[in-house]
Amino acid sequence: MFKLFFSLLLTACTLSAQAQTIQPRIIVPCARNIDLILSDAPEYGDLWQRLREGFAMRQISDSLVTHHEQWYAKRPAYIARMMTRANRYLYYITSEVERRGMPAEIALLPMIESAFNPGAYSTSNASGIWQFIPSTGKNFGMRQNWWYDGRRDIIGATNGALDYLEKLHTMFGDWELALAAYNWGEGSVHRAQMRNRKLGLPVDYASLKLPDETRNYLPKLIAIKNIVANPSKFGLTLSDIPNKPYFMSVATSKHMDVKLAAQLADISREEFIALNPAHNRPVLLQNSNDYILLPADSVLTYKNNLENYDKPLVSWQAYRAKKGERLDHLAPRFGLTLERLKSVNGLSARDNLSDGEALLVPLNGEVAENEGEFEAFNMHLHPTAKINRNGASIKYTAHSDEPLDKLASRYHVSVASLKNWHSKPKGRAKPTSRARTKPAHNRHR
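The numbering of the sequence shown is numbering that gives the first Met the number 0, which starts it at 0 and goes up by one.
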């Protein structure tokens with residue numbers, strides 16, 4: 000057994016202390032031209048009016064819808080918080096829903112899934128405003144690793160969710176069944192239909208035996224739709240959402256601190272994270288994503304400030320732990336609390352470190368004497384690598400006689416580093432050898 004400790008962390012955090020100049024290229028989500036998006040936007044007083052015009056799903060009048068209407072109506076503060084969060088994302092989602100010819104109700108689905116909380120995380124490991132579980136997220140192109148969770152990426156997860164819903168609509172033939180499958184899983188809905196067919200019963204949404212959560216899923220959405228359609232009927236007021244883009248995307252080509260990116264755009268760190276929630280660490284790893292989202296009215300500020308910025312873009316480094324070192328001893332050396340050090344590195348309650356384990360630590364603290372190599376900071380995971388969400392390791396089982404140069408290339412490390420880390424004098428891995436790397440963080444279905 001040989002160990003490939005988390006050298007995948009170890010490239011970007013010793014980024015040059017020299018100033019790095021980025022020439023940002025303003026782009027639009029999904030590479031669409033901003034002028035086209037603006038010109039394509041229908042003329043409405045606000046986004047709520049635009050949504051109301053697009054409502055197309057069958058109206059359902061039953062006790063469950065009424066129950067959820069009353070539940071929301073009794074919680075105006077909850078509705079207000081949810082709508083405030085929705086303000087950031089709803090224009091983009093509505094535009095994509097319209098572009099695909101889907102009913103506008105679909106744009107309200109994150110209110111049911113996550114209350115538009117981009118950091119929402121369920122007990123079933125679902126994450127983001129669309130609440131994808133890791134496997135379904137991966138199926139729809141959402142990369143998930145130590146640095147980045149694409150399930151929380153606003154653009155990527157929205158496009159993945161709409162792709163999935165279109166697939167389900169094609170599969171089941173109507174939106175009610177598609178939504179049931181989105182919540183419960185397509186296989187579960189198929190099996191429920193098969194049971195009804197064997198009994199000679201209808202196979203529409205209302206006729207299927209569904210679990211309570213799924214049975215309430217569509218009524219919740221219809222309740223939200225009814226509130227948006229006529230908030231005063233329920234004693235609620237919806238704050239205006241302008242019918243124009245809230246954010247734009249800006250191309251990036253260098254690693255950068257999250258805090259610095261927010262400062263350059265003259266926005267709060269909280270606002271930046273709300274628009275870029277997929278990044279797990281305080282450093283924006285360029286290879287994780289080639290753009291960031293910024294409020295539309297902050298893009299030029301960011302661009303101008305960045306062009307004139309002559310200081311380092313990154314204030315973090317990678318540190319390789321020595322045998323016997325403990326987190327509670329390292330934290331003060333680098334000017335961090337123990338809780339902050341654990342949070343930054345996605346570590347659990349444990350305090351002991353493995354020999355050679357890599358950590359992300361500040362540059363403004365003590366210089367890391369045991370600094371690691373940074374060539375492999377890209378954190379490209381092999382597709383078959385096993386992700387350990389506890390923050391311990393990723394184990395890779397090498398193929399028989401797999402050349403070390405190929406394994407090194409796969410993980411973006413040098414052969415010399417592999418030999419050094421694993422004490423392998425030969426040029427090939429032994430069958431069933433396991434390479435260990437540092438971890439990825441890890442409802443749909």
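Think of the CB as a built atom: it goes at the ideal place given N, C-alpha and C, for glycine as much as any other residue.
- For the 8 Å CB-CB criterion, Y290 and V227 do not form a contact.
- Rounded to the nearest whole angstrom, the CA to CA distance from L235 to W47 is 14 Å.
- For I223, the enclosing alpha helix (DSSP H) begins and ends at 211-228.
- Here the C-alpha atom of P276 lies approximately 18 Å from the C-alpha atom of K253.
- Close CB contacts of L217 within its chain, under the 8 Å cut and outside five residues either way in sequence, are with I59, E175, L178, A179, Y204 (chain order).
- Straight-line spacing of the CA atoms in D45 and F115 works out to 19 Å.
- Residue burial is scored here from C-beta neighbours: H67 has at least 16 other C-beta atoms within 10 angstroms and is therefore classed as buried.
- Contact check for L263 and Y318: beta-carbon distance about 27 Å, past the 8 Å limit, so the pair fails to qualify.
- W315 carries a strand assignment under DSSP once its states are collapsed to helix, strand and coil.
- Separation of R214 and D162 (C-alpha to C-alpha, rounded to the nearest whole angstrom) is 23 Å.
- DSSP, read as helix, strand or coil, puts F139 in coil.
- When secondary structure is reduced to three states using DSSP, L200 falls in the coil class, being assigned neither helix nor strand.
- Close CB contacts of T83 within its chain, under the 8 Å cut and outside five residues either way in sequence, are with S238 (chain order).
- For L293, no alpha helix (DSSP H) segment is defined; the enclosing uninterrupted segment is the beta strand (DSSP E) at 290-294.
- For M81, no beta strand (DSSP E) segment is defined; the enclosing uninterrupted segment is the alpha helix (DSSP H) at 75-98.
- One alpha carbon belongs to K208, the other to E104, and they sit about 24 Å apart.
- Under the criterion of beta carbons closer than 8 Å, P102 and G53 qualify as touching, at roughly 7 Å.
- Under the three-state reduction of DSSP output, R57 falls in the coil class, being neither helix nor strand.
- Of the candidates N242, L352, M247, the residue whose Cα lies closest to the Cα of Y43 is N242.
- Where F246 is concerned, the enclosing beta strand (DSSP E) starts and stops at 246-250.
- Of the candidates E269, A55, L274, R49, L274 places its Cα closest to the Cα of G155.
- Annotation: the continuous alpha helix (DSSP H) that includes P331 extends over 326-332.
- Looking at the backbone, the Cα of P361 and that of D265 are separated by about 23 Å.
- Here D152 is not near S126, since their CB atoms are 8 Å or more apart.
- With 16 or more other Cβ atoms from the protein chains shown falling within 10 Å of its own Cβ, G159 counts as buried.
- Annotation for P109: the continuous alpha helix (DSSP H) segment containing it runs 108-112.
- In terms of Cβ geometry, I240 and N86 form a close pair [threshold 8 Å].
- Listed in chain order, the non-local C-beta contacts of D354 below 6 Å within the same chain comprise K322, local neighbours out to five positions each way being set aside.
- As computed with DSSP, H278 is found in a beta bridge with Y147.
- Per DSSP, the unbroken beta strand (DSSP E) holding A357 starts and ends at 357-361.
- In terms of CA proximity to A72, K219 leads the group S267, K219, F333, F246.
- Sequence-distant partners of N344 (beyond 5 residues in either direction) whose C-beta falls short of 6 Å from its own C-beta, in its chain, are L358, L359.
- Looking at the backbone, the Cα of W145 and that of V202 are separated by about 43 Å.
- A Cβ-Cβ distance of about 14 Å is found for the pair L335 and L352, leaving them out of contact under the 8 Å criterion.
- Between the alpha carbons of P244 and S62 lies a distance of about 37 Å.
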